[in-house]
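Let me begin by presenting the structure, written as structure tokens, before commenting on it.
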Amino acid sequence: MKVSGLLLAIPFIAIAQYPDTFLGSVSVGQNPMDVCISPDGNRAYAAVEFGFAAVIDINGYSDFSLAELVSIDGEPVTIQCDPTGEYLYVADIENSSVHVVSTSELSVVKTFAIQPDPTDMILYSPGNKIYLSHENGLISVIDTESQTITEVFWGGVQLNSLAITPDQSQIFASDNGSPEETVLNSETGNSTRITSGMDSYSVAVSGNGSRLFLSCPSWNTIGVMDITSLTIEETISCTGDAPDKMATLPSLPYLYGVCSDENTITIFGTDDLIEKGEITLSGGPSNIAVHPDGERLFVVCTGDNKIKMIGFDPSGVDPITAEHVLTVVDSPSSVPSVTVTCSEGGTVFLSAFDLSGRTVWVTETVMAQNETQQFQVGNVPTGILIVTSTVNKTVNSVKVVAL
Numbered sequence: 022m023k024v025s026g027l028l029l030a031i032p033f034i035a036i037a038q039y040p041d042t043f044l045g046s047v048s049v050g051q052n053p054m055d056v057c058i059s060p061d062g063n064r065a066y067a068a069v070e071f072g073f074a075a076v077i078d079i080n081g082y083s084d085f086s087l088a089e090l091v092s093i094d095g096e097p098v099t100i101q102c103d104p105t106g107e108y109l110y111v112a113d114i115e116n117s118s119v120h121v122v123s124t125s126e127l128s129v130v131k132t133f134a135i136q137p138d139p140t141d142m143i144l145y146s147p148g149n150k151i152y153l154s155h156e157n158g159l160i161s162v163i164d165t166e167s168q169t170i171t172e173v174f175w176g177g178v179q180l181n182s183l184a185i186t187p188d189q190s191q192i193f194a195s196d197n198g199s200p201e202e203t204v205l206n207s208e209t210g211n212s213t214r215i216t217s218g219m220d221s222y223s224v225a226v227s228g229n230g231s232r233l234f235l236s237c238p239s240w241n242t243i244g245v246m247d248i249t250s251l252t253i254e255e256t257i258s259c260t261g262d263a264p265d266k267m268a269t270l271p272s273l274p275y276l277y278g279v280c281s282d283e284n285t286i287t288i289f290g291t292d293d294l295i296e297k298g299e300i301t302l303s304g305g306p307s308n309i310a311v312h313p314d315g316e317r318l319f320v321v322c323t324g325d326n327k328i329k330m331i332g333f334d335p336s337g338v339d340p341i342t343a344e345h346v347l348t349v350v351d352s353p354s355s356v357p358s359v360t361v362t363c364s365e366g367g368t369v370f371l372s373a374f375d376l377s378g379r380t381v382w383v384t385e386t387v388m389a390q391n392e393t394q395q396f397q398v399g400n401v402p403t404g405i406l407i408v409t410s411t412v413n414k415t416v417n418s419v420k421v422v423a424l
């Protein structure tokens, strides 16, 4: 564990056994499907099915803000940066295309056709390649220098998830329609089929590169494969559903499994294969990415349309329960809406401000203890707005997008 690095970056941090503290959330639009982090760690990007690539500025360890929503013509389902971080690749399932976004201009600069039903992307940075899987079993290779498809080949029956080894020499594709999986030579793209004996949906490689983890929802198990022998050495029985998506930490021996139906992240040891605990994460968590620091995880939630961040507690102090909670319900929208849940009761004052600080909407109401109300932010100018709620001198704020 990188204790010295954590202490330098975050004074007084209380080192947990593993990152399990909720650090914050950002609303990103309807149905975020996938998330990736820029190579420098300064931004997170989300593929939002409602037609956006969301850009999140990572301002500090637990400070995050929505920088932009880049409009995408279609339904984005998976997203990946190029090795330089200058371009973002967004796969669109509606139009069977990839949209290339300039991360400096925050606009689409190129679009090219791909095979139908894209599912996942993985970056092979030494070769300037992005491997793109398709549900119909194909794998496409994107050259990030020419920004074109250079090869398409058969990789399996039903591919949903990709993972790369720490040394980036091998890429694994889980096959939900076959008892076999696919392993690729990252440099050449040459593929080999290996037997797992399970119809795996998600795949992850341990931080030390010694083990492959395959999630099997039909059996609620995780298969553990030795990467050297490429054989199943053990299975982990999940106490609940098997994870929909998985991610490992590069320098800490933990596997994080996203269980959307249960609103949880389950944590397993990658060495001892023991379940360590669960993180309750409401809002239908659906996909996960690990920050380059190896200590923060970014989770997209389709139930409440947010990116949520998990890490080590930056203060070492448990958060105080807020007197009220402000949540985005519908954004982007022509009439964004928010809800307020008031634990103590009292008068609720709500305001919306544009980015220049001008007040564009206000309302107030009296709420009872533990009451929840929904408010429509109507008759406001288009763009990013800051909505604040004040109850008994406590203030919360969220960002919404008015279309």
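Each residue of the sequence shown is one higher than the one before, starting from 22 at the first, in our numbering.
Glycine is no exception: its CB is placed at the ideal position from the N, C-alpha and C atoms.
Assigned exposure category for ASN181 - 16 Cβ within 10 Å defines buried: buried
Identity of the residue in THR411, TYR39, THR323 nearest VAL47 by Cα: THR323
Cβ contact check for the stretch 225-234 and the stretch 173-188: 3 or more pairs under 8 Å: As far as the Cβ criterion goes, the stretch 225-234 touches the stretch 173-188, which means the pair count is three or higher.
Distance CB(ALA68)-CB(VAL121) smaller than 7 Å: Judged by beta-carbon spacing, VAL121 lies beyond the 7 Å limit of ALA68, meaning their Cβ atoms are not closer than that value.
Cβ-based neighbour list, GLU254, same chain, cut-off 6 Å, excluding 5 preceding and 5 following: Closer than 6 Å at Cβ, skipping near neighbours: VAL245, ASP247.
Reduced DSSP category for SER146 - H, G, I as helix; E, B as strand; rest coil: Of the three classes helix, strand and coil, the one that applies to SER146 here is helix, per DSSP.
Presumed contact (8 Å Cβ cut-off) between ASP41 and ILE300, rounded CB distance: 5 Å
Beta-carbon proximity check, VAL419 vs LEU347, cutoff 7 Å: Contact flag set, yes.
Start-to-end residues for the beta strand (DSSP E) that takes in TYR108: 108-113
Beta-carbon proximity of VAL204 to PHE193, cut-off 7 Å: Yes, Cβ-Cβ distance for VAL204 and PHE193 is below 7 Å.
Every unbroken beta strand (DSSP E) within the stretch 159-214, with a cutoff of 3 residues, ordered by chain: 159-164, 169-175, 180-185, 191-196, 201-206
Counterpart residues of PRO306 in DSSP-defined beta bridges: CYS322
Rounded straight-line distance, which links the Cα of TYR145 to that of THR209: Cα-Cα distance, rounded: 11 Å.
Nearest neighbour of ALA16, chosen from VAL173, GLY315, ASP282 [CA to CA]: No statement about residue 16 is possible, as the shown extent of the chain runs from 22 to 424 and does not include it.
Inter-stretch contact (C-beta, 8 Å, three-pair minimum) for the stretch 376-391 and the stretch 324-335: no
Same chain, Cβ closer than 8 Å to PRO60, five either side skipped, listed in chain order: Here PRO60 has CYS102, PRO104, THR105, GLY106, SER146, PRO313 as same chain residues with Cβ atoms under 8 Å from its own Cβ, once five neighbours each way along the sequence are excluded.
Own chain, CB closer than 8 Å to SER125, minus 5 neighbours either side, in chain order: GLU107
THR342 - DSSP class collapsed to helix/strand/coil: Only weak support is given to the placement of THR342: the predicted model assigns it a pLDDT of 40, under 50, and the question is left unresolved by the model.
Host beta strand (DSSP E) of ARG64 (start-end): 64-69
MET388 (DSSP reduced to helix, strand or coil): strand
Counted within 10 angstroms of its Cβ, other Cβ atoms place PHE85 as buried (16 or more) or exposed: buried
Assigned exposure category for GLY218 - 16 Cβ within 10 Å defines buried: It is exposed - the Cβ of GLY218 has fewer than 16 other Cβ atoms within 10 Å.
DSSP three-state assignment for THR403, whether helix, strand or coil: THR403: coil per DSSP, three-state reduction.
Boundaries of the beta strand (DSSP E) in which GLN38 is found, first to last residue: Careful: GLN38 lies outside any beta strand (DSSP E) and carries neither H nor E.
Boundaries (first-last residue) of the beta strand (DSSP E) holding TYR275: 275-280
Pairwise C-alpha distance: ASN400 and ILE36: Residue placement at ILE36 is poorly supported in this model, since its pLDDT is 35, which falls under 50; the coordinates are not used for a value here.
Bounding residues of the beta strand (DSSP E) (the contiguous stretch that carries PRO97): Per DSSP, the unbroken beta strand (DSSP E) holding PRO97 starts and ends at 97-102.
Within 7 Å, strictly: CB atoms of ASN326 and SER303: no
Alpha carbon of SER123 to alpha carbon of ILE93, nearest angstrom: 13 Å
Length of the line joining the Cα atoms of LYS131 and CYS259: 43 Å
Neighbourhood of GLU115 by C-beta, 6 Å cutoff - its chain only, sequence neighbours within 5 removed: Exclusion of the five residues before and after GLU115 leaves GLY95, GLU96 as the residues of its chain whose Cβ lies within less than 6 Å of its Cβ.
ARG317 in three-state terms, based on DSSP: coil
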